[in-house]
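Undergrad: Residue numbers (our numbering), protein chains in the order written: chain H, 1213 to 1364; chain Y, 2 to 346; chain A, 482 to 1142; chain F, 46 to 373; chain W, 455 to 735. My structure is below; once you've seen it, I'll send some questions.
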Amino acid sequence: MSIEKTEDSNFEPLIVAFCCNWCSYAGADLAGTSRLSYPANVKIIRVPCSCRVNPMFILRAFQRGADGVIICGCHPGDCHYSTGNYYARRRMTLLFSMLDYLGIERGRTRVEWVSAAEGVKFSTVMNEFSKTIHELGENKKLRDLRCKEFLD
Amino acid sequence: MYKISTDHLTELFSSISHDRALYMPIEKNGQVQFDRWMEDKKVRLDALNTVKSPKDLFFPQSENIVAFKIKGKNISIIENRDESEPFVVFGVRACDAASFDILDMVFLQDPVDTYYKARRDNGIVVTLACSEPEETCFCSVFGIDATNPSGDIATWIVDDMLYWESLTEKGERFTETIKDLFESADFLDEEALKSHKEDVEKIIEKLPLHDLSLDGFNSEAMDEKFNSPKWEELSEACIGCGTCTFICPTCQCYDIRDYDTGQGIQRFRCWDSCMYSDFTRMAHGNPRTSQVERFRQRFMHKLIYFPTNNDGVYSCVGCGRCVAKCPVSMNIVKVIKAMGVDENV
Amino acid sequence: MQKIGVFVCWCGSNIAATVDVKAVVDAVSHEPGVVYATDYQYMCSEGGQSQIRQAIKDFGLTGIVVCSCSPRMHESTFRKTAISAGLNPYMVEIANIREQCSWIHKDREDATEKAIILARTAVAKLNLNRPLTPGESPVVKRALVIGGGIAGIQSALDIAEAGYEVDIVEKSPTIGGKMAQLDKTFPTLDCAACILTPKMVDAASNENINLYTYSEVEDVSGFVGNFTVKIRKKARSINADICSGCGVCTEKCPSRKAKDEFNMGLSNRGAIYIPFAQAIPNVPVIDREQCIKFKTGKCGLCEMNCPAGAIDFKQQDELVERQYGAIIVATGFKPISLENFDEFSYSQCPDVITSLELERIMNAAGPTKGKLLRPSDNTPPRTMVFVQCVGSRDTSGCGKTYCSKICCMYTAKHAMLIKEKYPDIDVHVFYIDVRTPGKNFDEFYRRAVEEYGVNYIKGMVGKVAERNGKLLVQGSDLLADDQIIIEADMVVLATAIEPDESARNLATMLTASIDTNDFFTEAHPKLRPVESPTAGVYLSGVCQGPKDIPETVAQASAAAAKVIGLLAKDKLRSNPCVASSNEMLCNGCSTCENVCPYGAISYVSKEIRSAGKMEVRRVAEVNEAICQGCGACTVVCPSGAMDLKGFTNKQIMAEVDAICR
Amino acid sequence: MQRIFGLIKDRVGALLADGTVDRVIGWEKGEFLYDHTPAIFNAEDDLVDLVYDGFCASNLSKYLIDESKKDGKILALLKPCDTYNFNQLIKEHRINRDNVYVLGIECRGMLDIDKIRALGIKGIEKVEEQGDELYIQTIYGDKTCKRNEVLLEKCINCKGKEHVAYDELVTSGEDIPQVESNRFEDVEKLEAMTSDERFAFWRGELSKCIRCNACRNVCPICSCVECVFDNKDSVVASKANTDEFEENLFHIIRAFHVAGRCTDCGECSRVCPQGIPLHLLNRKIIKDINEFYGEYQAGQDTNSLGPLTDFTKEDVEPSIITEKGGEK
Amino acid sequence: MCNCNHSADEALIPGLGVVTDIRVDTPDVKTFRVNALDGGVCFEHMPGQCAMLSIPGIGEAMFSITSSPTNTKYMEFSIKKCGCLTEWLHQIEVGQQITIRGPYGNAFPVDTEFKGKDLLFIAGGIGLAPLRSVINYVRHNREDYGHVDIVYGSRSKDDLVAYDEIIDEWCNEDDVDVYLTIDREEEGWDGHVGFVPDYVKELKFDTNKTAIVCGPPIMIKFTLAGLEELGFDKTQVYTTMELKMKCGIGKCGRCNIGSKYVCKDGPVFRCDELDELPDEY
């Protein structure tokens, strides 16, 4: 029962990005002010710290049809709350390993440390991630079909 | 009475599944459950009974009822129930077949549950008599003859021959459509079948639970049983999971819930368990706060409340699933034995 | 149901250029809860804000969504607008459709569609917002300064100047710290005691400042604005109130064997002693290990000879508990121990000394009354060698990796003072790099080289060995590219400095963070150098990093300014987006307590009605003044009891749903 | 097994008699010889139903959460693997330690009745143990089999015979062979598959789930006052697997809530009516924790910080998962 | 007459209703007027029966129909705010559509046991809602019934539901005596002060009446005891029960007490039937 990877080119991936308020959200703003473009299908949700991202949010995003989820936070050691991203780092490592263990494509989830000064890095990461998701194709394995086909 | 040799069964199955979905006990990932028959599927007619009972085919664990779309203050109703198409369920044991009758007493009673009724009309039940009952079986206690199962069509497997006898008019009509695959059974076969039934009956006599007595469980005993102090001790091990209710072929409680799919609201029905703590929870309190009361409700319903409403028919068919699968091995047999004994003895 | 108003900003053309603002307004007006949607050229302008105020009044809005630039820019502006219109400031959500949409997407259709989704997400979140009011906590109008060196004194003086009460806690018997031990200070060569003692006297005489000398901080609890500190006043065995400081007891004391810490152990002192002449408070202290009365019970000469009868052998430690609004850490530094540097044979030959010991030798109040003599045989040295970076910039692991910053300057000062007083002494300085980064620093160093002929050798010293009374210093001279050996009479090691050993457990008490070298970590290296990330704790002096006296005093005044800013407020408004625990769901499992970086979660046992009967349960309680709202606790809490106001689980889930719809 | 039972019974009787404890939680004989129920024995007289043999696999530490709230002291019969959960619950302040007297009882590994049935042995009436031979009397004749052929999965990968928490130990002196096994063997086998094969494997397994919550309600660690799946205000409240995704969601969230706290006691797989190898999910997280953050056995002590509530500055980056191997 | 688009035997599929008027009775009780999409009532009902109202996505709950069957223009529900659905209902505005299905449960035996009898209505707080339907039905067919006494009490004056209807219509109806009481003294209230059960005992009604009691469980318990003291026997007293109901058609097992299903065999019970049930409510 393997899911075939159709390479239809007009597939527009939906990517949810959780950005921590102090570093990566500021990095995203800096990418904006320096006019560094990245695909429009990346949508950013602001959270106080990367440690606020609960695995439930990530699974909910996939359930509702997201094709990729990326969590951005401050570089370990610079966290505004001093230890937030350390906890996030451990939790996300275990979550990604569990999703991979369940057979979900590895590239669909990612963690990236972006400081407030790294606007360039933010936009390259988003471009790169969008490309990977585009290659992986639509998320068929971790998807709630009721949310998709329910059209009257 | 027809017969067919067991090595032509695959042929029989493929012809049945030609124009109707065919479900039967099939092993998948090491677990036997009722699944749709395909050529490559591993058929397991020898398994005593499946953990998830065939009730799931008539009263599925979750099914859509209706959907709504909300726009501002207006609501539009969308009927998107899962349409049921004709199907045959093969290999149903006597106890499960009896459980369908008990479910009928609930769902087909006025006001009729149309979801259940549609599936019941579309379904043809082909039962298969047991040949090797296990120690957990006690269907005989509830007057169910394991060697003569009910259902639309009864079948027996003796050595390498399958005997096929339709019991109801629906069964008759169905057998007509596939008559050419069978040969009619002669006198010798009747004899072989009768002796096979006697052997199985002898085994049933030897089952440890066959002499379980149900006297003392009637509507007059409601108060006496309800206020018995034994419930406290019986329920102290119960962890309040839903295993016994979800694998029980006669449990019929369900919950109705709304799910916001983002496009609209999907109202669905799903199995619910009286053992769950939020089963009777209301906005301002819960009549059954502790596990003792919930535990008591389950067995009182099966052994006293249901028979009071349905002239003596118990809501249990002795299939033994809860005896085998309860995580802490507390089940209806222990309750009957503990409660049945007269207080003063 | 909320009544939401959506205001989409053109931002001139920054947004309107690539986002069809009208389409956004139209699309978002159908969202559930939205009763009014409009657009305007400059939402953040006065015109825009008055439009918002008007709409709030006209439609009785319970919440507003502004689709404009980044919340980090104008969130506070729109919150103030809401307050002015009588709406709770936390019922405002911003959709960032400029930096994260219009500026980075060229295609108009994509940008518009994304702007609609971002607006829809903000509306979805706002639907679940609750009005929040910042918590308030009282501010105790008193500051605590831990450490009585120049940093502590300067901070205390500035705070007292502003009229607030200050306590200085100093663990040694007198304030003054390391600076009191110095002779002269670079680059102006003015005498350390002359500029320090007036400040010490000011500190002592200032009625706003209370001195707790020979005392240590034992426990700190509470939070910004309301710290509760336990101070242990160690027993001096002298009643300070009636002691006149005449010093008779110090002369009479028969036990002379104790090493004088103030003179770095180069001289001895009595069991009862005053650290140095200008000590504040000018009250002696009895060293109980050396005092014969304490050891054997006999003697008591000091008690007999004390005119005021101030000696009190039965005095015990005293524990004082006081409340403070802010705490300044000024614990200062100490030279590192040289036990892993035996190549300089510092412990074997007495003539190999550290720079601080040299300061004492050259100081008039020092062990040699200011005459430069070799500690071994008290003869004036003919040749002196200075070795720089002993233990600093050391990657071998036995020293410190950082540069101690002040050694180059004080070695140049020593060399210059020696050449000036004893012109015929040959002075050699082995260095890696001479660092003179301050005002007039480099001119000062060049005078030492050119005017006083100090011989600077670029190279490292490999070994110092004693041979028949002389010290053979074997080093390399990189410029001349050969190995040289110098016979010297004295060798002075410019040892690295490290934070005072009390820093580590003080940091744990204050939940302030310290780095691997035990220096306190500042909130932000460039923008908040004098604040610690823990609210209400400020850093002053070398405890935050190596620095010289001018920088220390500058930082001390900066820390004082911050404290004055804090104490000036009667009430402290704390951030309302903090965690809150639902006691009905809390398991009391302390997992959240373990992850809270601020220790804001405590546990109480509470009577809770569950399943019909009352039950005592251990439940978490969040101290809203300390919690900074990071949310780590909300994710480790399995039952979802802990939630974060302003960013609740449901709100973020609603945002995810709105994006993926 | 009879010797150790005798010792236990005497010790329990003695402790009840001299009043150190006023009630005991142990196992009570059932209908057949293999369906023992956890039960609380109050007085000395009704110990006649107390039993301890090869079918007492259920983990009693979860009952102690509520029992230790009541006044009076309870004697708990805990096998070595149960004591790990006991410690973990003490660490999480769920058990009131001084209301519990732990009697550490020796365990030679428990038997799995489904494995006995899988050997084709039906209609079981009596089961006797002699050394490592099992004599089973059934209505279809007597059968025998080897003890370690039918051990429970959690006993094949037994974590060792020492108790990590006890007030008193009861041992029979017989040396119990420590069975050597690599408990991560199945996990490694799964990791070796390609991601599509793994997806098919887990879809096959989790699609059997009937959401009866037995795994959650038996797990001593999964004992919230109100579970997120029951609490209708929570964001993931759900009662049925109405869709493939819900099946995954329930088990991933549960695995995550016990991550770093699960002592790998194997109860979830033992009680699953549909035979889903749920321990492979928790064991995968344990393997990752050991690999990335150093060996950690939950419940080994009562004060260490759990891996997910601790960190080091040098932790491995999450990208290690994506780079771990080529497309498998 | 009712064109809600659900066929008769689709028990679980609701029809649509629209809220045409919302009256605020007390700080936590509002009375909602519900019509079918194009006017009229959604379905016929008998006094005492209930209907399942719901806002999709929030929840569905059983509410007693407080308007009398004789009122064919609209259907009324008095709803107290005490759960998430009721809280949401208290926020909606006129014109909001809701789903409605019913009627469920048995009705008060107005055409059988009550016929020609003197009736004594005893209500507490929100308990008046189910009784108001019967009272108005009796007032509409006044000649079929004997003397009517109404005892109604609540926590405070502004907690009295449908206060103006009681004062304007019920009070000045002949052969109807209304006794109002509130729990605690309150200025601007000159009527009786005290709990309903004590007030009933004080009034010492003669025992040939048929009593109908409805209100919070404690009040019912004490009122029944009080009536017994006055000499009423159990077969003369009726009450309605308040339990969690989900399907409304006696199948989902929620409201199962003993052998009865409250949503099908109740919610109206005679007190002797109530005693047969195990006391688990």
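For glycine and all other residues, C-beta sits at the position ideal for the given N, C-alpha and C.
Buried or exposed, going by whether 16 or more other CB atoms sit within 10 Å of the CB of Q503/W?
TA: Residue 503/W sits at position 49 when you count from the first residue of the fifth sequence. Classification of Q503/W: buried, given that the 10 Å Cβ count is 16 or more.
Undergrad: Buried or exposed: which applies to M785/A, given that a residue is buried once 16 or more other Cβ atoms fall within 10 Å of its Cβ?
TA: Taking the first residue of the third sequence as position 1, residue 785/A is located at position 304. Classification of M785/A: exposed, given that the 10 Å Cβ count is below 16.
Undergrad: Using a beta-carbon distance cut-off of less than 7 Å, what residues from the region 279-302 of chain F approach chain A?
TA: Flagged, chain order: S279, V280, H302.
Undergrad: Which residue marks the beginning of the beta strand (DSSP E) containing M162/Y, and which one marks its end?
TA: Numbered from its first residue, the second sequence carries residue 162/Y at position 161. 162-167 is the extent of the beta strand (DSSP E) around M162/Y.
Undergrad: What are the uninterrupted segments assigned as beta strand (DSSP E) that are 3 or more residues long and contained completely in the region 978-1066 of chain A, given in chain order?
TA: You should have 978-980, 1018-1020, 1052-1054, 1060-1062.
Undergrad: So with CB distances below 8 Å, who are the chain F contacts of N1068/A?
TA: Indexing the third sequence from 1 puts residue 1068/A at position 587. Ordered by position in chain F, the residues that pass the 8 Å Cβ test against N1068/A are E137, R139, S268, C269, V270.
Undergrad: Check whether the Cβ of T290/Y lies closer than 8 Å to any Cβ atom in chain A.
TA: Here residue 290/Y corresponds to residue number 289 of the second sequence, with the count starting at 1. Closer than 8 Å: yes.
Undergrad: By the criterion of Cβ-Cβ separation under 8 Å, what are the contact partners of R579/A in chain H?
TA: Working through the third sequence from its first residue, we reach residue 579/A at position 98. What R579/A touches in chain H: G1244.
Undergrad: Let's test the definition: count the other Cβ atoms within 10 Å of the Cβ of D629/W and tell me whether it reaches 16, buried, or not, exposed.
TA: As a first step, residue 629/W must be located in the fifth sequence, where it is residue number 175. Exposed, by the Cβ-count rule.
Undergrad: What first and last residue would you give for the beta strand (DSSP E) that runs through G1244/H?
TA: Within the first sequence, the letter at position 32 stands for residue 1244/H. Element bounds for G1244/H: not the beta strand (DSSP E) but the alpha helix (DSSP H), 1236-1245.
Undergrad: May I have the straight-line CA-CA distance separating G341/Y from V318/Y, to the nearest angstrom?
TA: Start at 1 with the first residue of the second sequence, and residue 341/Y comes out as number 340. Start at 1 with the first residue of the second sequence, and residue 318/Y comes out as number 317. Cα to Cα, G341/Y sits roughly 17 Å from V318/Y.
Undergrad: So with CB distances below 8 Å, who are the chain Y contacts of R1355/H?
TA: Taking the first sequence and counting its residues from 1, the one referred to as residue 1355/H is at position 143. Correct list: empty, because the minimum Cβ distance to chain Y is about 12 Å.
Undergrad: Going along the chain, which residues of its own chain have a beta-carbon closer than 8 Å to the beta-carbon of S15/Y, five neighbours each way excluded?
TA: Taking the second sequence and counting its residues from 1, the one referred to as residue 15/Y is at position 14. Excluding positions up to five away in sequence, the list reads E40.
Undergrad: Would you tell me roughly how many angstroms separate the C-alpha atoms of V316/F and V1011/A, rounded to the nearest one?
TA: As a position in the fourth sequence, residue 316/F is number 271, starting the count at 1. As a position in the third sequence, residue 1011/A is number 530, starting the count at 1. Rounded to the nearest angstrom, the two C-alpha atoms are 59 Å apart.
Undergrad: Grab the span of the beta strand (DSSP E) containing Q423/A for me, first residue to last.
TA: Residue coverage of chain A in this structure runs from 482 to 1142, which leaves residue 423/A outside it and unanswerable.
Undergrad: Could you confirm whether any beta carbon from chain D is found closer than 8 Å to the beta carbon of R1142/A?
TA: In summary, chain D is missing from the structure at hand, where the protein chains are H, Y, A, F and W.
Undergrad: Quick one: using the 10 Å Cβ neighbour count with 16 as the cut-off for buried, is V1100/A buried or exposed?
TA: As a working mapping, residue 1100/A is identified with position 619 in the third sequence. It counts as buried.
Undergrad: Could you please tell me which residues of the region 251-265 of chain Y, in chain order, have their CB closer than 8 Å to any CB of chain H?
TA: Correct list: Y260, T262, G263, Q264, G265.
Undergrad: Relative to the C-alpha of E225/Y, which candidate in I305/Y, E133/Y, K118/Y, F101/Y has its C-alpha closest?
TA: For this step, residue 225/Y is matched to residue 224 along the second sequence. For E225/Y, the nearest C-alpha among the options comes from I305/Y.
Undergrad: My parser needs the beta strand (DSSP E) runs of 3 or more residues fully inside the region 598-670 of chain W; what are they?
TA: You should have 602-608, 630-636, 663-668.
Undergrad: Under 8 Å between C-beta atoms, does G248/Y make it to chain F?
TA: For this step, residue 248/Y is matched to residue 247 along the second sequence. Sequence inspection shows Ile at residue 248/Y; the Gly mentioned does not correspond to that position. Answer yes: the Cβ-Cβ gap between I248/Y and chain F drops below 8 Å somewhere.
Undergrad: Consult DSSP for R140/Y and reduce its assignment to one of helix, strand or coil.
TA: Taking the second sequence and counting its residues from 1, the one referred to as residue 140/Y is at position 139. At residue 140/Y the sequence reads Cys, which differs from the Arg that was named. Reduced to three states, the DSSP call for C140/Y is helix.
Undergrad: According to DSSP, is K561/A helix, strand or coil?
TA: Your numbering for residue 561/A matches position 80 in the third sequence. Helix at K561/A.
Undergrad: For a contact defined as C-beta to C-beta under 8 Å, what are the partners of R1358/H on chain Y?
TA: Within the first sequence, numbered from 1, the residue matching residue 1358/H stands at position 146. What R1358/H touches in chain Y: Y260, T262, Q267.
Undergrad: Leaving out five residues before and five after C267/F in sequence, what residues of the same chain have Cβ atoms less than 7 Å from its Cβ?
TA: Taking the first residue of the fourth sequence as 1, we reach residue 267/F at position 222. Hits under 7 Å: R261, R299, H302, V303.
Undergrad: CA-CA distance, S330/Y and G75/F?
TA: To locate residue 330/Y, count along the second sequence from 1; it is residue 329. To locate residue 75/F, count along the fourth sequence from 1; it is residue 30. So the alpha carbons of these two residues sit roughly 8 Å apart.
Undergrad: Within the chosen definition, does the region 265-272 of chain Y reach the region 1055-1072 of chain A through at least 3 CB pairs nearer than 8 Å?
TA: Short answer: they don't touch.
Undergrad: For K718/W, which residues of its own chain have a beta-carbon under 6 Å away from its beta-carbon, when the five flanking residues on both sides are left out?
TA: What you label residue 718/W is simply residue 264 of the fifth sequence in a count that begins at 1. Result list for K718/W: G704, in chain order.
Undergrad: For I537/A and A566/A, what's the separation of their Cα atoms in angstroms?
TA: Stepping through the third sequence from its first residue, residue 537/A is reached at position 56. Stepping through the third sequence from its first residue, residue 566/A is reached at position 85. One C-alpha to the other measures close to 7 Å.
Undergrad: Measure from the C-beta of Y528/W to each C-beta in chain Y and report whether the shortest distance is under 8 Å.
TA: Your numbering for residue 528/W matches position 74 in the fifth sequence. Chain Y, which has no Cβ nearer than 8 Å to the Cβ of Y528/W, makes this no.
Undergrad: What residue does the alpha helix (DSSP H) around M1134/A start on, and which one ends it?
TA: Taking the third sequence and counting its residues from 1, one reaches residue 1134/A at position 653. Where M1134/A is concerned, the enclosing alpha helix (DSSP H) stretches over 1130-1141.
Undergrad: Give the residues from the region 681-707 of chain A that approach chain Y closer than 9 Å (Cβ to any Cβ), ordered along the chain.
TA: Within the region 681-707 of chain A, no residue has a Cβ that lies closer than 9 Å to any Cβ of chain Y.
Undergrad: Taking only runs of the beta strand (DSSP E) that begin and end inside the region 536-606 of chain A, which ones reach a length of at least 3 residues, in chain order?
TA: The qualifying runs are 544-549, 573-577.
Undergrad: When you check each C-beta in the region 249-269 of chain F against every C-beta of chain Y, which residues fall closer than 7 Å?
TA: Taking 7 Å as the Cβ-Cβ cut-off against chain Y, the residues of the region 249-269 of chain F that qualify are G249, E250, K253, I255, C257, N258, A259, N262, V263.
Undergrad: Look up R1090/A in the DSSP assignment and give the residues it is bridged to.
TA: Position 609 of the third sequence, counted from the start, is the residue given in the question as residue 1090/A. Partner(s): M1095/A.
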